[in-house]
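Participant:
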Amino acid sequence: MSTTTLEPSKWKHLPPPPGFAQTPVATKTSGKVSSSSSAASYAALKEKRAWDFAISPAKSLPMQAFMLYMSGGGVQIFSMGIVFMLLSSPFKNLAAINSAFAPFAPTPSSHDKTASQVDPKAFTTLPLQKIVYIICNLLTLALGLWKCRSMGLLPTGTGDWLAFETRGSPPEIVLL
Amino acid sequence: MLTIVRFLWASFAIWTAYALHPSEAGVVDWHKALLGVPLTRPDFHRTTGAHGATRSVVLTATSNNVIGAVHPENGTVAWRYLFEDRDPVVGYKAYNDRLATLSGPGGATFRILDVNSGHLLHELHLHSADSGRLFEPVNLGVAIAFDDSDKSKDTFVLTNGHTLRRINGKSGDIVWGWTSPDQTSLVVYSKVVTTSDAIYLIGLAKSFASYTVHVSAISPDNGELLSDADVPSSIINGPQGLIVVSHEGTRGKSVRLAWLEQARIHSVALTPQLKDKPTIKKGSAYLQVHDIGLQEKGLFVATKEDGSGRVIRFSEDGALKVFWEFADSVKSPKYTESTYAGGLDKDGWPYIARVYWSHVFRQASAHVLAPHLAEGKGLVTGFTFPFETQKHGIIANVAVDAANPEEFRVLSRLVLTTTTGAVQLWQQDQHQWTREESLADIRVAEMVELPEPQLVASQVGIEETESFGARLRRQLADAQDFPQYAINFAKRFATGSYASASSSIAPASNDTSPLSRDTFGFRKIIVAATSHGKVFGIDSANGEIIWSRVFGLGWAAEVGGRIFPLKIFTTRTVSDGDTPQVVIVGQRKADNSLVDTVAFHIDALTGEDVSGTSIGQDILQGQDVIAGALVEAYLFQDGPTKYVVLLDEYLQVHLFPDTPENADSFHKVAPSIHLPLRTGTAGSHRLGGHKVSPEKEFTGRHIAYPIWTASLPPNEDVRSIVTRPHEPVASLGKVLGNRTTLYKYLNPGVVVVLTSTSTPSGPATSCGVYVIDGTKGTILYHANLPAAGGVCDVKAAFTENWLVYHYYDDGSANADQAKSYRMVSLEFYEGSGVDDKTSSSDLSAYSNDTTRISVYEQSYVFPRGISTITTTSTKFGITVKDILVAGNNHQVQSFPRRFLDPRRPNRKPTAEEQEEWLIQYDPLLPDDPKRVLSHRYQVARIRKIITSPALLESTSLVFGYGVDLFFTRVAPSKTFDVLNENFNKAQLVLTVAGLALAIVITKPMVRRKRLRERWYAS
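Protein chains in written order, with full-length UniProt numbering: chain U, 1 to 176; chain Z, 1 to 1018.
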């Protein structure tokens, strides 16, 4: 504290480090205005971040597609690892969707009575972003499934269910 | 993607590079070379080698059209010569080191074989088979004689009853030929006798009610007729009673012809001028004369009317004299009629043996007469030997070989052939060996599973009742084997010596433990019934006969008869919880022409009679099931119970065993039973569908009544019906590369019918293959095949939805077509294409969907003709099925399914087709010598191959029988269910042990480190 008052020389035009106001008085006087404006920008930033996060799975899609292409069509440990990742990550993401978006939830204002009741982990917070996030994850899943199909791992043909078919005995007995 | 498929493709190609490994040859397979049941008396034949050493072989011609030689020391086959079926042996004769044979109608082909090695030295076609005269019996009108006057080794051959040829022994060319001037005359020659002055042809001329002896003398040098004469005589029973005795005297060889006429022996001397008048031997009346093979020593046997046998000798002075009369050879209820045989010793002295069976002592007796001993008065040596008549039937023929090591001592060897087809050698009363030659004529055979070894002989089910002390004692007794078990376990674990799929499963020769299966179920018992009235239990591990039983004739024992086994069924298996049982259904043809159907119920492990009517190891008694002929027999399974359903000529249903439970069971299902039956007479067999009456008729039996007849042309004869084996189907469909499914057409009533179309009383003009729904007679598939040579010889194998048939295409249908053997592969699928299922395996036969099928068909050029075709069979049907054929090259070969897949594309296979492992269609089936299962064995004339599953799904057991027996095991998809023998078990154990050790070492280290982190981390 003493050093700041002792040396007001040529460095005094430098901005103070973050979190340090120039004068405790100034902060007190301008507190209401600046806090409201910074809170707005902070909310905007949060929303932007939420949007970024929501479309982040889609952004990685091209890269994953390239990896899939490189891993080839054979059923090997490498391609299977990627496919497993592609298939499991959407479910993992969706399971954690609320906690993942919680940091981006709008901060409840102290005077806003209704907002104070909003739980940041509720599904209804950031609904648009979450829907987009779900869609993007579904895209990843779709990519994984497409890969599975192209590798022949999806039981889509009748041949995949042949082993479960059963037959009874015929009504007529033929002695041969 | 494509490269990966290609890589898979290449690896698969390597994977299927299948062959029998040399180390497995003779280990996983065995081969028993047989000759067949001797038709006539076998002959001891002795040859003298360069250094005076003698070798002898036993020569025989058999009912399987084989001439073979057996080593008398050990009973192994020295050599054999297999004659073609259309070239039946009609005569053979051995002289010194060569054996002359005549085969074909009238003796069309003449061959000279080396008597010790069986090598063919000369072969000569004397006349075409069509111009051969057929006689009854076949050996009438043919004869062979060797020129013993000099060392020319020339042979005189009489064929067709009227042609004599002299054949050069060195070059095999005809020196001269002589044909009877009037071939239309009624003279048929049947004997040739050579002397240095003349060759005598002796025949019979037909006159009123009897035959007259006719003799022609022919010059040996140029084949000119010297003289020709009718001998005043009257012979009733053909040329068997003609005996030519010769004697090598000081004035050369003198020959005399003897025959039996009006119970007197008549004889005439043969001279080149044929001037001699017949003389009648006065004295006793004779019933029969026996040629005992010593005619050249001037000896034969005649039986008097009271049955006693006399040896008659052609003595120095040119007369026939009674030399000896066998004591106690008069007909008697105490012993059977005697069999006489002659043989020579090393020095050429003759011996005569008389063999009979004594009912009193229940032993066989032999009396061997040595005429030259005891200063020419004759010496008889007698002995009895324990011939097992319950096991081998009755002695049919005898051959004798003797040695005279010192004065008044005669050692003899007897070769016996029996009515059950056994060939035995007895050295005095010591049994040396037995060859069961009836195994060359197996009619039906079945492989029966063996029970598991009884490792722990603990008493099951008495735990509740036994006291504490008794239990403790029992458990201690059981535990005494524990140290050994533990040692074995450790040894097995450490060395990795597990049961191997390619090792021998034959038990040790001194193994006395009861019959049990091996780890993988490769060891089974083959129950084989022959047409010579004997049934065998053969160990599939090494081909040893475990038990054998002789079929009893029942009431026909008094008149005589034969039993022809028709079907064999396993009515109880090991999985049913007790010893396995088989039922053999046969037809008994009694000599009074009555035919009955009999069933023999046998314990497959011991050969014991299950029904209990036979006593001990005596003759096996059957049960007369039908008093008449059998039409068809089936094995019927209703839950755990299995019984045999038999149909007689009136289509009445008989059950065996005929218990009330079985009758009830059959009565319940009778309304839903359908039977496709082949009925009718020879040449006009029809196929008809039948149902069984729901209620018993007034005869107390269910009756099958016809409901349809197959709509075949009237001149088409149903030759045979091929049915699918009863085995599980693993997959209901075939999955294609794009994962759609072709559903297999598995209608249980489908049968394959092989037919031949012929003009009335003419040869077949075409052959047919039909696939018919046996419940309602719908023809699902039909192909017309050419009948090459007027014979339909289509062979077919049918399993699941796959039919393979083989025929010979003589190219007559199309001038551009090549002559070749063809193999056609067909598959039947449900509906019109992929994913179209009609559930054919449990569909009602009366549904319209049963005829909605699609057929895939492809034809291939096959390398050779075959005698039988079958498919492999495995426990669950998962393993790919290969085709097994027995070719006319005396080999058993497998053809992989991949090459016979009817869906092989006609172009380069696409990626999806490659995923199915389809390869491009190629008309020629590769004849891969690596797939010859019989490798270096000559497996002669396999008539049928039966396959049976092992416990290992991958492996199928194969047993082929015909002349020879051959057994092996095949794994069409390799032994995928056992660890490869090259698998490094030690490495695996070491790796696991090393890892465990690493864990043990690092675990405390990690624990210490964790602890330190907790203390010093923050």
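From the three backbone atoms N, C-alpha and C, an ideal C-beta is built for every residue, glycine too. Every value quoted in this text rests on a predicted model; they were computed, and no experiment measured them.
#1: Starting from the Cα of Val692(Z), find the closest Cα among Asp603(Z), Ile615(Z), Ala670(Z) and give me that residue.
#2: Does the distance from the CB of Phe966(Z) to the CB of Ile946(Z) come in under 9 Å?
#3: Which bits of chain U does Tyr634(Z) rub up against, with CB to CB less than 9 Å?
#4: Report back the beta-carbon spacing between Gly393(Z) and Val559(Z) to the nearest angstrom; my notes put them in contact at under 8 Å.
#5: I need the straight-line Cα distance from Ala302(Z) to Val231(Z), nearest angstrom please.
#6: DSSP state of Ser116(U), grouped into three classes?
#7: Among residues of its own chain, excluding the 5 on either side of Ala627(Z), which ones have a beta-carbon nearer than 7 Å to its beta-carbon?
#8: Between Trp15(Z) and chain U, is the shortest Cβ-Cβ distance under 9 Å, so that the two count as touching?
#9: Return no unless some Cβ of chain A is closer than 9 Å to the Cβ of Asn801(Z).
#10: Please identify the residue among Val610(Z), Ala258(Z), Asn160(Z), Ile292(Z) whose C-alpha is closest to the C-alpha of Thr279(Z).
#11: For the ligand MG, is there a heavy atom less than 8 Å away from the beta-carbon of Leu124(Z)?
#12: Identify whether Trp433(Z) lies in helix, strand or coil by the three-state DSSP scheme.
#13: Spatial neighbours of Glu305(Z) within its chain, please: CB distance less than 6 Å, with the 5 preceding and 5 following residues excluded, ordered by chain position.
#14: On the criterion of 16 or more Cβ atoms from any shown chain inside 10 Å, does Val598(Z) qualify as buried, or is it exposed?
#15: Against chain Z, with Cβ distances strictly below 9 Å, would Ala95(U) count as a contact?
#16: Might you give, ordered along the chain, the residues of its own chain that have their beta carbon closer than 6 Å to the beta carbon of Lys253(Z), omitting 5 neighbours on each side?
#17: Given that Leu162(U) touches chain Z, what residues does it touch there, using C-beta distances under 7 Å?
#18: Determine whether the Cβ of Ser169(U) lies closer than 9 Å to any Cβ atom of chain Z.
#19: Against chain U, does Ser458(Z) count as a neighbour if the rule is that its beta carbon must be under 9 Å from one of theirs?
#20: Hey, Pro706(Z) and Gly689(Z): beta-carbon distance below 9 Å or not?
#21: Could you tell me whether the stretch 571-586 of chain Z touches the stretch 601-613 of chain Z, where touching means 3 or more Cβ pairs closer than 8 Å?
#22: Is the beta carbon of Leu68(U) sitting closer than 9 Å to the one on Thr140(U)?
#23: Is any beta-carbon of chain Z found at less than 9 Å from that of Pro18(U)?
#24: Here's a check: name, in chain order, each residue in its chain whose Cβ is nearer than 6 Å to the Cβ of Pro38(Z), leaving out the five neighbours to either side.
#25: List the residues of chain U that Leu675(Z) touches, going by C-beta distances under 7 Å, in chain order.
#26: Kindly indicate which three-state DSSP category Thr158(U) falls into: helix, strand or coil?
#27: Specify the secondary structure class of Asp773(Z) as computed by DSSP and reduced to three states.
#28: Indicate whether the contact test is met: 3 or more Cβ pairs, each with one atom in the stretch 961-981 of chain Z and one in the stretch 906-923 of chain Z, closer than 8 Å.
#29: Please list, in chain order, the chain U residues whose beta carbon lies closer than 8 Å to that of Leu843(Z).
#30: Does the beta carbon of Gly81(U) come closer than 9 Å to any beta carbon on chain Z?
#31: Please identify the residue among Ile112(Z), Val115(Z), Asn982(Z), Arg86(Z) whose C-alpha is closest to the C-alpha of Gly104(Z).
#32: Should the stretch 999-1009 of chain Z be regarded as contacting the stretch 930-938 of chain Z, the criterion being three or more beta carbon pairs within less than 8 Å?
#33: Cutting at 6 Å between CB atoms, please list the residues of its own chain near Ile505(Z), excluding the five before and the five after it.
#34: In whole angstroms, what is the alpha-carbon distance linking Pro181(Z) and Lys377(Z)?
#35: Can you grab the Cα-Cα spacing for the pair His51(Z) / Glu73(Z), in whole Å?
#36: For Gly157(U), go through chain Z and note every residue whose CB falls closer than 8 Å to its CB, in chain order.
Facilitator: Quick look at the numbers:
#1: Ala670(Z)
#2: no
#3: Leu175, Leu176
#4: At roughly 16 Å, the Cβ-Cβ gap does not stay under 8 Å, so Gly393(Z) and Val559(Z) are not in contact.
#5: 22 Å
#6: Any reading at Ser116(U) must be qualified, since the residue scores a pLDDT of 49, below 50, and its modelled position is unreliable; the value itself is stated next. The answer is helix: DSSP assigns Ser116(U) an H, G or I state.
#7: Asp596
#8: With a pLDDT of 41 at Trp15(Z), under the threshold of 50, the predicted position of this residue should be treated as unreliable, though the coordinate-derived value follows. So no, Trp15(Z) is outside the interface.
#9: Of the protein chains in this structure, namely U and Z, none is chain A.
#10: Sorting Val610(Z), Ala258(Z), Asn160(Z), Ile292(Z) by C-alpha distance to the C-alpha of Thr279(Z) places Ala258(Z) at the top.
#11: Ligands are entirely absent from the displayed structure, and the ligand MG is therefore not among its contents.
#12: strand
#13: Ala285, Leu287
#14: With 16 or more Cβ atoms within 10 Å of its Cβ, Val598(Z) is classed as buried.
#15: No, Ala95(U) lies away from the interface with chain Z (no Cβ there is under 9 Å from its Cβ).
#16: Within the same chain, Lys253(Z) has close Cβ partners Thr195, Ser246.
#17: Ser731, Leu732, Gly733, Val735, Thr741
#18: yes
#19: Confidence in Ser458(Z) is poor, its pLDDT being 46 and thus under 50, which makes the residue's placement unreliable; the coordinate value appears in the next sentence. Ser458(Z) does not count as touching chain U.
#20: yes
#21: Result yes; three or more Cβ-Cβ pairs closer than 8 Å.
#22: no
#23: no
#24: Thr60, Thr62, Thr417
#25: Those are Leu175, listed as they occur along chain U.
#26: helix
#27: strand
#28: no
#29: Pro170
#30: no
#31: Nearest option by C-alpha distance: Arg86(Z).
#32: Touching, no.
#33: Asp518, Phe522, Arg523, Ala541
#34: 47 Å
#35: Distance between the alpha carbons of His51(Z) and Glu73(Z): 20 Å.
#36: Val735, Asn738, Arg739, Thr740, Thr741
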